[in-house]
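Per UniProt numbering, the sequence shown starts with residue 1, numbered consecutively.
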Amino acid sequence: MSLLSSPLTLRCGLELPNRLTKAAMAEIMAPKQNPDDKFPRAYSEWADGGWGFIITGNVQVSQTYLGSPKDVAIPLPNAGTPALQEAWRNWATTIQRSGTPALVQLCHPGRQSPQGAGKRSILTKNLAPSAVALNLGSSFIPRVATSVMFGTPREMTRAEVTEAIQQFIAGAKQAHLAGFKGIELHGAHGYLIAQFLSPKTNLRTDEFGGTPAKRAEMVLRIIKGIRAATSPQFCVGIKMNSVDVSEQGDGGLQACLEQMGLIINAGVDFIEISGGSYEDPSMFQADRTAPVIGSTAAPAAPARIPKASTRAREAFFLDFAKTVREYYPKIPLMVTGGFRSRVGMEAALESGACDIIGIGRPAAVVPKLPKLVLLNKEVVDADATIRLKHVEMGWLMRKVPIKSLGAGAEGAYYGGQIGRMGKGLQPIDTRV
Ligand SMILES: Cc1cc2nc3c(=O)[nH]c(=O)nc-3n(C[C@H](O)[C@H](O)[C@H](O)COP(=O)(O)O)c2cc1C
């Protein structure tokens, strides 16, 4: 049996039938913040795809601060009407109808909530651990865009931090009630939990800031609260960023490892490793040698199996996972970002750096990827690759010096494919 097709049992007892996970991808199709009929329709594509694990797109724990105006959000206390609860149950049941466990990803955007995303007035500032504004670029256009879209956040009071902790716990209870097998905390990509963990965005001097351990206090309280409010069998994972080179020099790596140790001891079942934020969207690296979507250029050379030396490096964040593994050999690690071939995935598992492979964009265009390709014995290794055409912005947008616009274009394109599935259409397969 290949490693990719071998089952894995997590600490909570949850068994994953194989190592392939459909990673979290925001669906951006809930204008009323509820998982209406489009959700089971879209997720039925993944449900029968042979995945080992399915993670929903980020569900916001606060109705006031969303990541986009069409995110699903946890119902306010006492607003979970029977019809709404039925919609949630229908979503959970459909995803898991073929035996694949599913998790809800819980998120609070903190300073990354754009204007118009959430039930708040135009004058209400975003909340964050400290009043540190996003930096999307130092020239005039990015500075104006940042101030119009996000503004400078307001430092949360201690009561507001406690409220956010309770919102995450309420989110886990909602997922539990609906029948999901667990939740994943979004602690990556620069959202609120990541803002608390980082010394760049958390300048607090109370019990939620000042040292790596105090910066982790908020997420530790969330994890312990969820453990107390759900059941021992309920899976709790967290997505975290790898430490970027600029932070490693300042003891950032040691701080991150210390925080991971505390998070593991608080009782998580797995850690997903990713990277990037709105300021530096490294999670959306793309194969720029592939043709552009919609171009009429001659077809590119067929995808090749990567050389042995590069196989294990196909994923963006694998080196960091190896470091985490050396410190914490027992915690199951999932790595997401860049996996595009069966041999690359097998090599990553064989290297011992990770236990679970997360797949984003390929899963949005080929929702039954494990069944059709990666775990299909009739597909030889040379053909078990997913090379995608890449998304390019229009010429005008390319002139704007904001790095995250490229990421926005990627997100919008693949989000659009999920939208197609929500309407009962097949996504457009952009494999080269
Ligand atoms: C349309 C889209 C939406 C995404 N939304 C989320 C999200 O809600 N939560 C999250 O943790 N990551 C999100 N991501 C990032 C993916 O989970 C993943 O980390 C990233 O796409 C890199 O993996 P890939 O190279 O396999 O695509 C999103 C990615 C895409 C393409």
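A virtual CB, placed ideally from N, CA and C, is assigned to each residue, including glycine.
For a test of your reading of the model: does the CB of A23 fall under 7 Å from any non-hydrogen atom of ligand 1? Yes or no.
In the sequence shown, residue 23 corresponds to position 23, counting from 1. A23 Cβ: within cutoff of ligand 1.
Across which residues does DSSP place H186 in a beta bridge pair?
As a first step, residue 186 is located in the sequence shown; it is residue number 186 there, counting from the start. H186 pairs with K239.
With H, G and I counted as helix, E and B as strand and the rest as coil, what does DSSP make of V348?
Translated into positions along the sequence shown, residue 348 becomes position 348. Checking the sequence, you will find Ala at residue 348 rather than Val. Three-state DSSP puts A348 in a helix.
Since I believe L20 is in contact with L8 (beta carbons under 8 Å), could you give me their beta-carbon distance rounded to a whole number of angstroms?
As a working note, residue 8 is residue 8 in the sequence shown. As a working note, residue 20 is residue 20 in the sequence shown. Going by Cβ atoms, the distance from L8 to L20 rounds to 11 Å, so no, they are not a contact pair.
Would DSSP call M334 helix, strand or coil?
Within the sequence shown, numbered from 1, the residue matching residue 334 stands at position 334. It is a strand residue.
For T100, which residues from the same chain have a beta carbon less than 6 Å from its beta carbon, with the 5 sequence-adjacent residues on both sides left out?
For this step, residue 100 is matched to residue 100 along the sequence shown. Counting only Cβ-Cβ distances below 6 Å, and skipping sequence neighbours, we find W51 and I54.
How is the alpha helix (DSSP H) around A321 delimited, first residue to last?
For the purposes of this step, residue 321 is taken as residue 321 along the sequence shown, with counting starting at 1. L318 to Y327 is the extent of the alpha helix (DSSP H) around A321.
Report buried or exposed for A308, applying the criterion of at least 16 other Cβ atoms within 10 angstroms of its Cβ.
Sequence index remark: in the sequence shown, residue 308 carries index 308 (1-based). Low confidence applies to A308: its pLDDT is 48, below 50, so where it sits in the model is not reliable, and the reading given next is rough at best. With fewer than 16 other Cβ atoms within 10 Å, it is exposed.
Can you grab the Cα-Cα spacing for the pair A384 / V373, in whole Å?
Along the sequence shown, read from residue 1 onward, the residue named residue 384 stands at position 384. Along the sequence shown, read from residue 1 onward, the residue named residue 373 stands at position 373. Straight-line Cα distance between these residues: approximately 6 Å.
Just the Cα atoms here: how many angstroms apart are M156 and V343?
On the sequence shown, position 156 is the one that residue 156 refers to. On the sequence shown, position 343 is the one that residue 343 refers to. Cα-Cα distance, rounded: 46 Å.
Going by Cα to Cα distance, which pick from N34, L257 and D48 is closest to R89?
The sequence position of residue 89 within the sequence shown is 89, counting from 1. Comparing Cα positions, the closest option is N34.
On the criterion of 16 or more Cβ atoms from any shown chain inside 10 Å, does S231 qualify as buried, or is it exposed?
Here residue 231 is taken as the residue at index 231 of the sequence shown, counted from 1. Counting Cβ neighbours within 10 Å, S231 comes out exposed, since fewer than 16 surround it.
Answer yes or no: the CB of G415 versus the heavy atoms of ligand 1, is any distance below 7 Å?
Here residue 415 corresponds to residue number 415 of the sequence shown, with the count starting at 1. Because some heavy atom of ligand 1 lies under 7 Å away, the Cβ of G415 counts as near it: yes.
Could you tell me the distance, in whole angstroms, from the CA atom of D48 to the CA atom of N18?
Within the sequence shown, the letter at position 48 stands for residue 48. Within the sequence shown, the letter at position 18 stands for residue 18. When rounded, the distance between both Cα atoms is 14 Å.
Residues in the same chain with beta-carbon distance under 7 Å from V292, minus the five sequence neighbours each way, listed in chain order, please.
Taking the sequence shown and counting its residues from 1, the one referred to as residue 292 is at position 292. Once the five neighbours on either side are set aside, the close Cβ partners of V292 are K389, H390 and E392.
Environment of Q112 [buried if 16+ CB atoms lie within 10 Å]:
Looking up residue 112 in the sequence shown gives position 112. Q112 comes out buried.
In the structure shown, what three-state DSSP assignment does K22 receive?
Sequence index remark: in the sequence shown, residue 22 carries index 22 (1-based). It is a strand residue.
For L8, name the three-state secondary structure that DSSP assigns.
Walking along the sequence shown from the start, residue 8 turns up at place 8. Strand at L8.
If you measure between the beta carbons of A229 and K181, is that distance less than 8 Å?
Residue 229 sits at position 229 when you count from the first residue of the sequence shown. Residue 181 sits at position 181 when you count from the first residue of the sequence shown. No, the pair does not count as a contact, with Cβ atoms beyond the cut-off.
L136, DSSP secondary structure in three states:
Looking up residue 136 in the sequence shown gives position 136. If DSSP states are grouped into helix, strand and coil, L136 belongs with coil.
Could you tell me if the beta carbon of G337 falls within a distance shorter than 7 Å of some heavy atom in ligand 1?
Mapped onto the sequence shown, residue 337 falls at position 337. Flag set: Cβ of G337 near ligand 1.
Among V324, C354, A175 and G411, which one has its Cα closest to the Cα of residue 510?
Because the chain spans 1 through 432 in this model, residue 510 falls outside it and cannot be assessed.
Under 8 Å between the Cβ atoms of I122 and L185?
Numbered from 1 along the sequence shown, position 122 holds the residue referred to as residue 122. Numbered from 1 along the sequence shown, position 185 holds the residue referred to as residue 185. Cβ distance not < 8 Å, so I122 and L185 don't count as in contact.
Once DSSP output is grouped into helix, strand and coil, what is the label at F270?
For this step, residue 270 is matched to residue 270 along the sequence shown. F270 falls in the strand class under three-state DSSP.
Going by beta-carbon coordinates alone, are G118 and Y191 separated by less than 8 Å?
As a first step, residue 118 must be located in the sequence shown, where it is residue number 118. As a first step, residue 191 must be located in the sequence shown, where it is residue number 191. No, the Cβ-Cβ distance between G118 and Y191 is not below 8 Å.
Taking the alpha-carbon of L136 as reference, which of A407, K368 and G179 has the nearest alpha-carbon?
By 1-based counting over the sequence shown, the position of residue 136 is 136. Of the candidates A407, K368 and G179, the one whose C-alpha sits nearest the C-alpha of L136 is A407.
From the DSSP output, which residues share a beta bridge with residue 435?
There is simply no residue 435 to check, as the chain begins at 1 and stops at 432 in what is shown.
Per the contact definition of three or more C-beta pairs closer than 8 Å, is the region 345 to 355 in contact with the region 317 to 327?
Short answer: they touch.
Identify, in the order they occur along the chain, each residue of the same chain with its Cβ nearer than 8 Å to the Cβ of D269, setting aside the five sequence neighbours on each side.
For the purposes of this step, residue 269 is taken as residue 269 along the sequence shown, with counting starting at 1. Excluding sequence neighbours, D269 sits near L10, R11, C12, L14, G182, C235, V236, G237 and P332.
Hey, Q96 and A24: beta-carbon distance below 8 Å or not?
Here residue 96 refers to the residue found at position 96 when the sequence shown is read from its first residue. Here residue 24 refers to the residue found at position 24 when the sequence shown is read from its first residue. Not a contact, by the Cβ cut-off of 8 Å.
Can you check which of these residues, Y413, M421, Q60 and K38, is closest to T430 by C-alpha distance?
Position 430 of the sequence shown holds residue 430. Closest by alpha carbon: Y413.
Under the three-state reduction of DSSP, which class applies to I263: helix, strand or coil?
Counting from one through the sequence shown, the residue named residue 263 turns up at place 263. The three-state secondary structure of I263, taken from DSSP, is helix.
Please specify which runs of the alpha helix (DSSP H), each continuous and at least 4 residues long, are wholly inside the region 24 to 78, giving them in chain order.
38 to 47
Sub-8 Å separation of G415 and I28 beta-carbons:
For the purposes of this step, residue 415 is taken as the residue at position 415 of the sequence shown. For the purposes of this step, residue 28 is taken as the residue at position 28 of the sequence shown. For G415 and I28, yes; Cβs fall inside 8 Å.
Can you give me the C-alpha to C-alpha distance between A170 and L76, rounded to a whole angstrom?
Walking along the sequence shown from the start, residue 170 turns up at place 170. Walking along the sequence shown from the start, residue 76 turns up at place 76. Taking the straight line from one Cα to the other gives about 9 Å.
Does the beta carbon of K239 fall short of 7 Å from some heavy atom of ligand 1?
The residue given as residue 239 occupies position 239 in the sequence shown. Yes, the Cβ of K239 comes within 7 Å of a heavy atom of ligand 1.
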